[in-house]
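Reading through the C-alpha coordinates given below for one structure.
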Amino acid sequence: MNQNTKAFLIGTILVFPLLLLLLPLFSVFTFAGSSDNVSGWAWSEHIGWISLNSTNQASAINYGVNINPADGNFTGWAWSERVGWLSFQPTDVVGCPGGGSCQARLNFSTNQVIGWARFLAGSGASGWDGWVSLNCVNQAWCGTSNYKVTRSSSSLTGWAWGGVVVGWIQFSGSTFTSQLSSGVSQGATITVEATNLDGTRFFGPLAVQITGPTNFTTTDAPQTVGVAAGSYTLTYLSGGPAGGGGVIANPNQSITADQGNNLTITFIYTNPPAGNLLQFH
(Lines of atoms letter the chains of each structure in order from A; the text may use other names.)
(Lines give C-alpha, C1' and ligand atoms only; values in the text may rest on other atoms or scores of the structure.)
Protein backbone atom coordinates (compact mmCIF):
# COMPACT_ATOMS: atom_id res chain seq x y z
CA MET A 85 0.00 0.00 0.00
CA ASN A 86 1.54 3.31 -1.04
CA GLN A 87 1.73 6.41 1.14
CA ASN A 88 -1.10 8.25 -0.70
CA THR A 89 -3.50 5.36 -0.14
CA LYS A 90 -2.57 5.17 3.53
CA ALA A 91 -3.13 8.90 3.94
CA PHE A 92 -6.52 8.68 2.24
CA LEU A 93 -7.67 5.81 4.46
CA ILE A 94 -6.48 7.50 7.64
CA GLY A 95 -8.21 10.74 6.62
CA THR A 96 -11.44 8.87 5.89
CA ILE A 97 -11.35 7.10 9.25
CA LEU A 98 -10.83 10.40 11.09
CA VAL A 99 -13.30 12.53 9.14
CA PHE A 100 -16.21 10.10 8.70
CA PRO A 101 -17.22 9.98 12.40
CA LEU A 102 -17.14 13.78 12.46
CA LEU A 103 -19.48 13.92 9.50
CA LEU A 104 -21.87 11.56 11.27
CA LEU A 105 -21.92 13.91 14.25
CA LEU A 106 -22.57 16.97 12.10
CA LEU A 107 -25.17 15.35 9.83
CA PRO A 108 -28.09 15.75 12.29
CA LEU A 109 -27.48 19.49 12.43
CA PHE A 110 -27.84 19.88 8.69
CA SER A 111 -30.91 17.63 8.53
CA VAL A 112 -32.71 19.17 11.52
CA PHE A 113 -32.27 22.87 10.80
CA THR A 114 -33.67 22.98 7.28
CA PHE A 115 -37.36 23.86 7.55
CA ALA A 116 -37.00 27.31 9.06
CA GLY A 117 -35.77 30.84 8.39
CA SER A 118 -38.21 33.01 6.45
CA SER A 119 -41.04 30.51 7.01
CA ASP A 120 -40.94 31.05 10.78
CA ASN A 121 -42.95 33.91 12.26
CA VAL A 122 -40.61 35.14 15.02
CA SER A 123 -37.61 37.23 14.06
CA GLY A 124 -35.27 39.74 15.64
CA TRP A 125 -33.15 39.40 18.76
CA ALA A 126 -33.06 38.77 22.47
CA TRP A 127 -30.25 39.92 24.79
CA SER A 128 -28.60 38.02 27.63
CA GLU A 129 -26.62 39.84 30.28
CA HIS A 130 -24.01 37.05 30.25
CA ILE A 131 -23.85 35.58 26.73
CA GLY A 132 -24.93 38.57 24.64
CA TRP A 133 -27.11 38.44 21.53
CA ILE A 134 -29.48 35.58 20.77
CA SER A 135 -30.77 35.48 17.19
CA LEU A 136 -34.36 34.25 16.80
CA ASN A 137 -34.23 33.78 13.03
CA SER A 138 -31.53 33.16 10.42
CA THR A 139 -32.93 36.05 8.36
CA ASN A 140 -31.40 38.42 10.94
CA GLN A 141 -27.96 37.86 9.43
CA ALA A 142 -26.25 35.75 6.80
CA SER A 143 -26.30 32.15 8.00
CA ALA A 144 -25.26 28.90 6.35
CA ILE A 145 -28.04 27.10 8.27
CA ASN A 146 -31.69 28.14 8.17
CA TYR A 147 -33.29 28.31 11.60
CA GLY A 148 -36.00 30.21 13.41
CA VAL A 149 -38.61 30.27 16.16
CA ASN A 150 -42.25 29.72 15.26
CA ILE A 151 -45.50 30.31 17.16
CA ASN A 152 -48.51 28.30 16.03
CA PRO A 153 -51.27 30.89 15.32
CA ALA A 154 -53.96 28.42 16.40
CA ASP A 155 -52.76 27.17 19.79
CA GLY A 156 -49.78 29.44 20.58
CA ASN A 157 -47.26 26.59 20.86
CA PHE A 158 -43.60 27.44 20.21
CA THR A 159 -41.30 25.33 18.05
CA GLY A 160 -37.93 25.84 16.40
CA TRP A 161 -34.52 27.11 17.40
CA ALA A 162 -32.65 30.32 18.21
CA TRP A 163 -28.87 30.77 18.02
CA SER A 164 -26.22 32.17 20.36
CA GLU A 165 -22.67 32.54 19.10
CA ARG A 166 -21.46 31.95 22.65
CA VAL A 167 -23.34 28.79 23.69
CA GLY A 168 -25.08 27.50 20.55
CA TRP A 169 -28.66 26.36 19.93
CA LEU A 170 -31.58 27.43 22.09
CA SER A 171 -34.35 24.93 21.38
CA PHE A 172 -38.11 25.45 21.64
CA GLN A 173 -38.79 21.96 20.29
CA PRO A 174 -41.20 20.00 22.51
CA THR A 175 -38.93 16.95 22.45
CA ASP A 176 -36.01 19.00 23.80
CA VAL A 177 -37.88 20.41 26.80
CA VAL A 178 -39.29 17.16 28.18
CA GLY A 179 -38.51 16.86 31.89
CA CYS A 180 -38.34 20.58 32.59
CA PRO A 181 -37.66 21.62 36.22
CA GLY A 182 -41.22 22.78 36.86
CA GLY A 183 -42.85 19.57 35.67
CA GLY A 184 -46.23 19.55 33.95
CA SER A 185 -46.50 21.02 30.46
CA CYS A 186 -42.99 22.06 29.43
CA GLN A 187 -43.55 23.32 25.88
CA ALA A 188 -43.43 27.09 25.50
CA ARG A 189 -46.87 28.48 24.65
CA LEU A 190 -48.36 31.92 24.11
CA ASN A 191 -51.70 32.28 25.90
CA PHE A 192 -53.80 34.47 23.61
CA SER A 193 -56.09 35.48 26.47
CA THR A 194 -53.41 36.78 28.85
CA ASN A 195 -50.71 37.51 26.22
CA GLN A 196 -48.25 35.70 28.49
CA VAL A 197 -45.77 33.05 27.40
CA ILE A 198 -45.44 30.07 29.72
CA GLY A 199 -43.17 27.04 29.60
CA TRP A 200 -39.52 26.50 28.81
CA ALA A 201 -36.75 26.59 26.22
CA ARG A 202 -33.37 24.89 26.57
CA PHE A 203 -29.82 25.48 25.39
CA LEU A 204 -28.74 22.15 23.93
CA ALA A 205 -25.18 22.60 25.18
CA GLY A 206 -26.38 22.42 28.78
CA SER A 207 -25.94 19.22 30.73
CA GLY A 208 -26.28 18.34 34.37
CA ALA A 209 -22.76 16.92 34.39
CA SER A 210 -21.26 20.33 33.63
CA GLY A 211 -23.23 22.01 36.40
CA TRP A 212 -25.34 23.90 33.86
CA ASP A 213 -28.56 22.30 32.63
CA GLY A 214 -29.37 24.82 29.87
CA TRP A 215 -32.95 25.53 30.98
CA VAL A 216 -34.58 28.88 30.25
CA SER A 217 -37.80 29.70 32.11
CA LEU A 218 -40.15 32.02 30.20
CA ASN A 219 -42.48 32.79 33.10
CA CYS A 220 -42.15 32.90 36.89
CA VAL A 221 -45.24 30.67 37.21
CA ASN A 222 -43.19 27.73 35.89
CA GLN A 223 -41.68 27.25 39.35
CA ALA A 224 -44.02 29.40 41.47
CA TRP A 225 -41.37 32.12 41.83
CA CYS A 226 -43.62 35.10 41.08
CA GLY A 227 -43.67 36.15 44.73
CA THR A 228 -39.87 36.45 44.64
CA SER A 229 -39.25 37.57 41.06
CA ASN A 230 -42.25 38.51 38.89
CA TYR A 231 -40.74 37.97 35.45
CA LYS A 232 -42.39 36.80 32.24
CA VAL A 233 -42.27 37.02 28.45
CA THR A 234 -45.39 38.62 27.01
CA ARG A 235 -46.85 39.64 23.67
CA SER A 236 -47.27 43.36 23.10
CA SER A 237 -48.93 44.10 19.77
CA SER A 238 -46.61 42.47 17.20
CA SER A 239 -43.61 41.98 19.48
CA LEU A 240 -42.41 39.77 22.29
CA THR A 241 -41.31 41.72 25.33
CA GLY A 242 -40.31 41.09 28.92
CA TRP A 243 -37.75 38.81 30.54
CA ALA A 244 -36.82 35.12 30.83
CA TRP A 245 -34.43 33.51 33.32
CA GLY A 246 -31.58 31.32 32.10
CA GLY A 247 -29.94 30.46 35.41
CA VAL A 248 -26.55 31.63 36.65
CA VAL A 249 -24.77 30.90 33.34
CA VAL A 250 -27.08 32.80 30.97
CA GLY A 251 -28.75 35.13 33.46
CA TRP A 252 -31.63 37.38 32.48
CA ILE A 253 -32.75 37.33 28.84
CA GLN A 254 -34.51 40.47 27.59
CA PHE A 255 -36.82 40.13 24.59
CA SER A 256 -37.24 43.80 23.74
CA GLY A 257 -35.04 46.83 24.34
CA SER A 258 -34.41 50.34 23.12
CA THR A 259 -32.30 49.19 20.16
CA PHE A 260 -33.76 45.77 19.33
CA THR A 261 -37.00 43.84 19.26
CA SER A 262 -38.37 40.32 19.03
CA GLN A 263 -40.82 40.74 16.17
CA LEU A 264 -43.92 38.66 15.45
CA SER A 265 -45.50 38.30 12.05
CA SER A 266 -49.10 39.47 11.58
CA GLY A 267 -50.23 35.84 11.57
CA VAL A 268 -49.52 35.51 15.29
CA SER A 269 -51.51 38.57 16.31
CA GLN A 270 -54.95 37.01 16.04
CA GLY A 271 -58.10 39.12 16.32
CA ALA A 272 -59.90 37.20 19.09
CA THR A 273 -59.81 34.14 21.32
CA ILE A 274 -62.24 31.27 21.86
CA THR A 275 -62.02 29.29 25.09
CA VAL A 276 -63.64 25.86 25.12
CA GLU A 277 -64.71 24.58 28.53
CA ALA A 278 -66.89 21.73 29.83
CA THR A 279 -68.78 20.78 32.99
CA ASN A 280 -69.05 17.52 34.87
CA LEU A 281 -72.48 16.00 35.49
CA ASP A 282 -72.64 17.75 38.88
CA GLY A 283 -71.96 21.13 37.29
CA THR A 284 -68.33 21.45 38.40
CA ARG A 285 -65.64 22.37 35.90
CA PHE A 286 -64.28 19.48 33.82
CA PHE A 287 -60.55 19.05 33.19
CA GLY A 288 -59.58 16.41 30.67
CA PRO A 289 -59.77 15.23 27.05
CA LEU A 290 -62.31 17.05 24.91
CA ALA A 291 -62.31 17.24 21.11
CA VAL A 292 -64.28 20.16 19.69
CA GLN A 293 -63.93 21.20 16.06
CA ILE A 294 -63.80 24.97 15.53
CA THR A 295 -64.70 25.90 11.95
CA GLY A 296 -64.40 29.38 10.49
CA PRO A 297 -61.68 31.78 9.28
CA THR A 298 -59.32 29.86 11.61
CA ASN A 299 -59.86 26.09 11.80
CA PHE A 300 -58.77 24.15 14.85
CA THR A 301 -59.70 21.06 16.88
CA THR A 302 -59.21 21.15 20.63
CA THR A 303 -57.73 18.23 22.52
CA ASP A 304 -58.42 19.16 26.15
CA ALA A 305 -60.66 21.33 28.28
CA PRO A 306 -60.25 24.06 29.11
CA GLN A 307 -58.33 25.24 26.03
CA THR A 308 -57.95 28.74 24.59
CA VAL A 309 -57.45 29.22 20.84
CA GLY A 310 -56.36 32.39 19.10
CA VAL A 311 -58.50 33.03 16.02
CA ALA A 312 -59.05 35.60 13.31
CA ALA A 313 -62.20 37.67 13.61
CA GLY A 314 -65.27 36.16 11.96
CA SER A 315 -68.13 33.66 12.30
CA TYR A 316 -67.49 30.21 13.80
CA THR A 317 -69.26 26.91 14.33
CA LEU A 318 -68.24 24.61 17.17
CA THR A 319 -68.89 20.88 16.76
CA TYR A 320 -68.52 18.40 19.59
CA LEU A 321 -66.51 15.34 18.51
CA SER A 322 -65.58 13.30 21.58
CA GLY A 323 -64.44 13.36 25.18
CA GLY A 324 -65.84 14.93 28.28
CA PRO A 325 -66.86 13.37 31.61
CA ALA A 326 -67.72 9.67 31.80
CA GLY A 327 -71.42 8.88 31.96
CA GLY A 328 -72.61 11.96 30.11
CA GLY A 329 -75.40 11.45 27.62
CA GLY A 330 -76.36 14.66 25.86
CA VAL A 331 -74.17 17.73 25.61
CA ILE A 332 -75.28 21.33 25.28
CA ALA A 333 -73.14 24.22 24.05
CA ASN A 334 -73.65 27.42 26.02
CA PRO A 335 -74.32 30.06 24.81
CA ASN A 336 -74.48 28.57 21.30
CA GLN A 337 -72.60 26.41 18.81
CA SER A 338 -72.60 29.27 16.26
CA ILE A 339 -70.78 32.42 17.38
CA THR A 340 -69.29 35.59 15.96
CA ALA A 341 -65.84 36.60 17.18
CA ASP A 342 -65.25 40.31 16.68
CA GLN A 343 -61.81 41.94 16.85
CA GLY A 344 -60.58 41.87 20.43
CA ASN A 345 -63.29 39.48 21.71
CA ASN A 346 -62.42 36.80 24.28
CA LEU A 347 -65.30 34.32 24.01
CA THR A 348 -65.97 31.27 26.20
CA ILE A 349 -68.11 28.32 25.09
CA THR A 350 -69.06 25.80 27.78
CA PHE A 351 -70.13 22.28 26.87
CA ILE A 352 -72.64 21.17 29.52
CA TYR A 353 -73.11 17.42 29.91
CA THR A 354 -76.55 16.04 30.82
CA ASN A 355 -77.75 12.88 32.51
CA PRO A 356 -79.87 10.85 31.85
CA PRO A 357 -78.59 10.48 28.28
CA ALA A 358 -80.36 12.48 25.62
CA GLY A 359 -79.92 9.72 23.05
CA ASN A 360 -76.83 10.14 20.92
CA LEU A 361 -77.93 13.49 19.58
CA LEU A 362 -75.97 16.64 20.26
CA GLN A 363 -78.18 19.35 21.69
CA PHE A 364 -77.51 23.07 21.51
CA HIS A 365 -79.36 26.09 22.80
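Taking the working numbering, the leading residue of the sequence shown gets 85, the next gets one more, and so forth.
Every residue, glycine too, gets a C-beta built ideally from N, C-alpha and C.
Secondary structure note for residue 311: its beta strand (DSSP E) is the uninterrupted segment 307–311. One alpha carbon belongs to residue 120, the other to residue 153, and they sit about 11 angstroms apart.
Classified as exposed, residue 226 has fewer than 16 neighbouring CB atoms from the shown chains inside 10 Å of its CB. Counting only the Cα atoms, residue 246 lies some 13 angstroms from residue 205. With a 10 Å radius around the Cβ and a threshold of 16 neighbouring Cβ atoms, residue 190 comes out buried.
The C-beta distance from residue 229 to residue 201 rounds to 18 angstroms, too long to fall under 8 angstroms, and the pair is not in contact. With a contact defined as Cβ atoms closer than 8 angstroms, residue 275 and residue 347 qualify at about 7 angstroms.
The region 280–296 and the region 305–319 touch, with no fewer than 3 CB-CB distances between them shorter than 8 angstroms. Between residue 342 and residue 313, the beta carbon gap of about 6 angstroms places them in contact (Cβ cut-off 8 angstroms). Cβ-Cβ separation between residue 279 and residue 231: approximately 35 angstroms, too far for a contact (criterion under 8 angstroms). Closest by C-alpha distance to residue 168, out of 291, 136 and 237, is 136.
Going by DSSP, residue 247 is part of no beta strand (DSSP E) but of the alpha helix (DSSP H) stretching over 247–250. Across the set 236, 218, 301 and 203, the C-alpha of 203 shows the shortest separation from the C-alpha of residue 212.
One thing to note: residue 289 has its Cβ no nearer than 8 angstroms to the Cβ of residue 273. Between residue 327 and residue 128, the C-beta spacing is not below 8 angstroms. The secondary-structure analysis by DSSP pairs residue 151 across a beta bridge with 158. For secondary structure counted as the beta strand (DSSP E) over 3 or more consecutive residues, the region 154–223 holds these complete runs in sequence order: 158–164, 168–171, 196–198, 200–203 and 215–217.
Bridge partners of residue 144 according to DSSP: none are assigned. Shown here for residue 233: same chain residues with a beta carbon closer than 8 angstroms to its own, the five before and five after excluded, namely 196, 197, 218, 219, 240, 241, 242, 243, 244 and 255 in chain order. Within 10 angstroms of the beta-carbon of residue 142 lie fewer than 16 other beta-carbons, which makes it exposed. Secondary structure of residue 298 (DSSP, three-state): coil.
Residue environment for residue 277: buried (at least 16 other C-beta atoms within 10 angstroms of its C-beta). For residue 349, the uninterrupted beta strand (DSSP E) run begins and ends at 346–353, by DSSP. The C-beta separation of residue 253 from residue 221 comes to about 17 angstroms, leaving the pair out of contact by the 8 angstroms criterion. Each of 146, 125, 194 and 166 was checked against the Cα of residue 156, and the nearest Cα belongs to 194.
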